[in-house]
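Asker:
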Amino acid sequence: MDQLLEVFVAVAEKKNFSRAAEELHMTQPAVSQHIQAFEREIGTRLLDRTNKYVKLNKAGEIVYDHAVEILGLYTKMQRLVDDLTNKTSGPLTIGASYTFGEYILPYVIADMLEQYPLVTPSISIGNTRDIAESVLKHQLDVGIVEGDFRHHQLMIEPFAKDIMHIVTAPTHKLAKLKKVTPADLAQETWIVREEGSGTRTAADKMLDSLDISPEKMMEFGSLQIIKESVEAGLGVSLLSKWAIRKELSMDTLKIIDVNGLPFTRTFSIVTSSPYRTKALDTFLQFVREVSEKS
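Residues 8 to 301 in this note's numbering are what the sequence shown spells out, letter by letter.
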């Protein structure tokens with residue numbers, strides 16, 4: 008059954024029998040036979056086929072979501088059993104929200120691999136909501152997310168505080184003021200992340216705490232684009248101290264002094280199971296050390 012699931016997932020993701028066969032190192036007729044056998048097993052057609060494409064039908068979408076989760080659990084089970092008799096090694100799938108993933112995680116991974124070179128990490132960067140969903144579906148071993156995140160089906164461990172500042176370009180008019188008021192901030196263009204992002208949630212909470220309703224907001228899906236936009240004078244933003252260290256040292260961004268700031272949020276470890284491989288336990292030890300450096 009596990010091979011049938013693997014073939015079905017490959018066809019669903021590649022949307023093509025030939026490309027799925029190439030990925031699986033199988034012939035196209037063999038892939039077709041596996042799909043037919045799987046559809047007989049399930050009791051209904053799962054794929055709509057034409058000469059140009061293959062796509063999931065409604066039943067196929069349901070089966071695909073569960074197939075991905077089942078394969079993730081099966082892989083995790085195998086690794087946990089293998090882990091009992093082996094030293095710290097093997098694959099480790101890590102998901103992280105943008106601030107932690109882009110500005111902290113590379114250093115955590117480098118420190119870990121220096122001592123445990125047999126661990127093979129695979130990293131996905133996304134917003135908090137997407138990372139949590141992937142952990143829940145067992146597509147990731149662990150997620151690192153931002154903010155006051157809660158989910159009744161996931162285990163969540165806050166491990167470090169993240170200090171956030173309002174920043175502008177050094178030439179911005181606010182940068183020339185000794186003290187900036189909420190009224191000043193309300194008139195500015197705010198450059199923020201998209202809904203579902205931990206950084207966006209922090210910005211919304213901060214604005215609420217200052218009782219600010221900005222006249223204009225611009226959404227961008229990347230911290231780097233936000234920083235460069237602020238540097239260019241397009242507006243202001245609330246960003247983690249981890250994300251702006253380089254820009255502050257180069258004087259391309261400036262922190263704005265506002266009563267009630269800086270804003271503080273939490274980094275949290277998210278997992279879906281109490282069973283952990285040695286590789287995951289080792290990684291978490293290095294992650295928790297971030298609190299000592301923050």
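Don't be surprised by glycine CBs; every beta carbon is placed ideally from N, CA and C. The structure presented is a predicted model; accordingly, all values stated were derived computationally and were not measured.
Three or more beta-carbon pairs under 8 Å between the region 124–136 and the region 196–203, yes or no?
Answerer: Yes, since at least three Cβ pairs between the region 124–136 and the region 196–203 fall closer than 8 Å, the two stretches touch.
Asker: Nearest-angstrom Cα distance between T106 and W249?
Answerer: One-based indexing of the sequence shown puts residue 106 at position 99. One-based indexing of the sequence shown puts residue 249 at position 242. Taking the straight line joining both Cα atoms gives about 7 Å.
Asker: In three-state DSSP terms, what is L55?
Answerer: Here residue 55 refers to the residue found at position 48 of the sequence shown. Residue identity differs from the one stated: residue 55 is Asp in this sequence, not Leu. Strand.
Asker: For the beta strand (DSSP E) containing A103, name the first residue and the last one.
Answerer: If you number the sequence shown from 1, residue 103 lands on position 96. Run containing A103: 97–103, per the beta strand (DSSP E) assignment.
Asker: By the DSSP assignment, the beta strand (DSSP E) with R283 in it spans what residues?
Answerer: As a working mapping, residue 283 is identified with position 276 in the sequence shown. Careful: R283 lies outside any beta strand (DSSP E) and carries neither H nor E.
Asker: Per DSSP, what kind of secondary structure is T188 in: helix, strand or coil?
Answerer: What you label residue 188 is simply residue 181 of the sequence shown in a count that begins at 1. In the structure shown, T188 sits in coil (DSSP, three-state: anything other than H, G, I, E or B).
Asker: Is G242 closer than 8 Å to S236 when the C-beta atoms are compared?
Answerer: The residue given as residue 236 occupies position 229 in the sequence shown. The residue given as residue 242 occupies position 235 in the sequence shown. Yes, the pair counts as a contact, with Cβ atoms nearer than the cut-off.
Asker: Provide the residue(s) that pair with R272 in DSSP beta bridges, ordered along the chain.
Answerer: Taking the first residue of the sequence shown as 1, we reach residue 272 at position 265. Paired residues: D169.
Asker: Can you tell which of K185, N266, E296, A286 has the C-alpha that lies nearest to the C-alpha of S129?
Answerer: Along the sequence shown, read from residue 1 onward, the residue named residue 129 stands at position 122. When only C-alpha atoms are compared, the closest one is A286.
Asker: How long is the line joining the alpha carbons of M162 and K59, rounded to whole angstroms?
Answerer: For this step, residue 162 is matched to residue 155 along the sequence shown. For this step, residue 59 is matched to residue 52 along the sequence shown. Going by the C-alpha atoms only, they are around 43 Å apart.
Asker: Bridge partners of T196, per DSSP?
Answerer: For the purposes of this step, residue 196 is taken as residue 189 along the sequence shown, with counting starting at 1. For T196, which the question treats as bridged, DSSP gives the partners K223.
Asker: Name the two residues that bound the continuous beta strand (DSSP E) containing L246.
Answerer: In the sequence shown, residue 246 corresponds to position 239, counting from 1. Counting along the chain, the beta strand (DSSP E) containing L246 begins and ends at 244–247.
Asker: Does DSSP put I111 in a helix, in a strand, or in coil?
Answerer: Looking up residue 111 in the sequence shown gives position 104. It is coil, neither helix nor strand.
Asker: State the CB to CB distance for the pair V311 and V277, rounded to an integer number of angstroms; the pair is presumed to be in contact (CB under 8 Å).
Answerer: The chain is shown from 8 up to 301; residue 311 falls before or after that span and cannot be answered.
Asker: What does a CB cutoff of less than 8 Å around V16 pick up in its chain, not counting 5 residues either side in sequence?
Answerer: What you label residue 16 is simply residue 9 of the sequence shown in a count that begins at 1. Within the same chain, V16 has close Cβ partners Y71, A74, V75, L78.
Asker: Contact between the region 141–155 and the region 181–193 is defined here as three or more beta-carbon pairs at a separation below 8 Å; is this criterion met?
Answerer: No: the two stretches stay apart, fewer than three of their Cβ pairs being nearer than 8 Å.
Asker: How far does the alpha helix (DSSP H) with L260 in it reach, from first residue to last?
Answerer: Sequence index remark: in the sequence shown, residue 260 carries index 253 (1-based). Taken as a continuous stretch (DSSP letters only), L260 belongs to no alpha helix (DSSP H), as it is neither H nor E.
Asker: Alpha helix (DSSP H) containing L214: first to last residue?
Answerer: Walking along the sequence shown from the start, residue 214 turns up at place 207. Unbroken alpha helix (DSSP H) run through L214: 205–216.
Asker: Once DSSP output is grouped into helix, strand and coil, what is the label at K22?
Answerer: Mapped onto the sequence shown, residue 22 falls at position 15. Looking at K22 - three-state DSSP - the assignment turns out to be coil, as it is neither helix nor strand.
Asker: Going by alpha carbons, who is nearest to S279 out of K212, A176, H159?
Answerer: Numbered from its first residue, the sequence shown carries residue 279 at position 272. The shortest Cα separation from S279 among K212, A176, H159 belongs to H159.
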